[in-house]
Structure formats: structure tokens, C-alpha cells
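A.B. asks:
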Amino acid sequence: QVQLVESGGGLVQPGGSLRLSCAASGTFSINTMGWYRQAPGKQRELVAFITSGGTIRNANSVKGRFTISRDNAKNTVSLQLNSLKSEDTAVYYCNAGVGRSEYWGQGTQVTVSS
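Counting in my numbering, the sequence shown tops out at residue 469, every number present.
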């Protein structure tokens, strides 16, 4: 069983920055780690993911503003959120792929508001 624990959400003004972190517990080999988000009334959507080899994919809406990084030795993944907009407000979920299984964190709220 893999457990993902997120941290770093909060309230920030438009144009501000936040850093989200996610730590995976257990002994296993994680293929892909990433971040998804879900805004009220909307479906969960991919924000960014990174493979164990370092390949990165970002959603078009966050390109140039958000940066995903990963520490394979520590089984952690981080998301740096810059130039935040009100439309970035959502619950952000950490995701990890291990073999054919997929795991989710509990989510952390990011609110962008003045």
C-alpha cells in the first residue's frame, strides 16, 4: 500500500506563489508522480506529471507558470506555482503510479483571491 501526504496549500493573492509537496511512504518503485486539481463543479484535471526518468508533461493552462520536480531517492514530488490566477483555485491532489496501481493523496486546497 502506498500513502501520499500533501502539504503546502493555502490562500494567496493573484500573482503570488505557492509550493506544494507530496511524500510517498512505503518501499516500492514509483513510475509516474503528478498533480491533478479539481475546482468546484468541475472534473478533476491533470496539472503536471513527471516520470521516473524525468519526462514532464504540463497542462497548457499552467505552462510557464507551474514547475514540477521530483526526488526519486526520497519518493517526493513538488509543484511550484507562480503567477497564480483566480482560476487556479482548486483542491490539488498528488498522484502516483506503481505498477498497474494508482494512488491518490487526500488533497490540499489552493485558493487564489484578493
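Just so you know, even glycine gets a beta-carbon here, dropped at the ideal spot from N, CA and C.
Computed from a predicted model, the values in this text were never measured in an experiment.
Using only the alpha-carbon positions, how far apart do serine 376 and glutamate 361 sit?
C.D. replies: Serine 376 and glutamate 361: Cα-Cα distance of roughly 6 Å.
A.B. asks: Would you mind working out which of Ile423, Leu359, Asn413 sits nearest glutamate 400, comparing C-alpha positions?
C.D. replies: The residue with the shortest Cα to Cα distance from glutamate 400 is Asn413.
A.B. asks: Is the Cβ-Cβ distance between alanine 451 and isoleucine 385 less than 8 Å?
C.D. replies: Yes.
A.B. asks: In angstroms with no decimal places, state the Cα-to-Cα distance between serine 468 and glycine 364.
C.D. replies: In a straight line, the C-alpha of serine 468 is about 13 Å away from that of glycine 364.
A.B. asks: Can you round the beta-carbon distance between glutamine 387 and phenylalanine 404 to whole angstroms, since I take them to be within the 8 Å contact cut?
C.D. replies: Looking at the sequence itself, residue 387 is threonine, so the reference to glutamine does not match. Indeed, because the Cβ distance is near 5 Å, the residues count as touching under 8 Å.
A.B. asks: Would you identify the three-state DSSP class for asparagine 450, choosing helix, strand or coil?
C.D. replies: In this structure, asparagine 450 counts as strand in the three-state DSSP scheme.
A.B. asks: What separation, rounded to the nearest whole angstrom, lies between the Cα atoms of alanine 378 and arginine 420?
C.D. replies: Rounded to whole angstroms, alanine 378 to arginine 420 spans 22 Å at the Cα level.
A.B. asks: Pick out whichever of Tyr458, Ala445, Cys449, Val465 has its Cα sitting closest to the Cα of glycine 396.
C.D. replies: Closest option to glycine 396, Cα to Cα, is Ala445.
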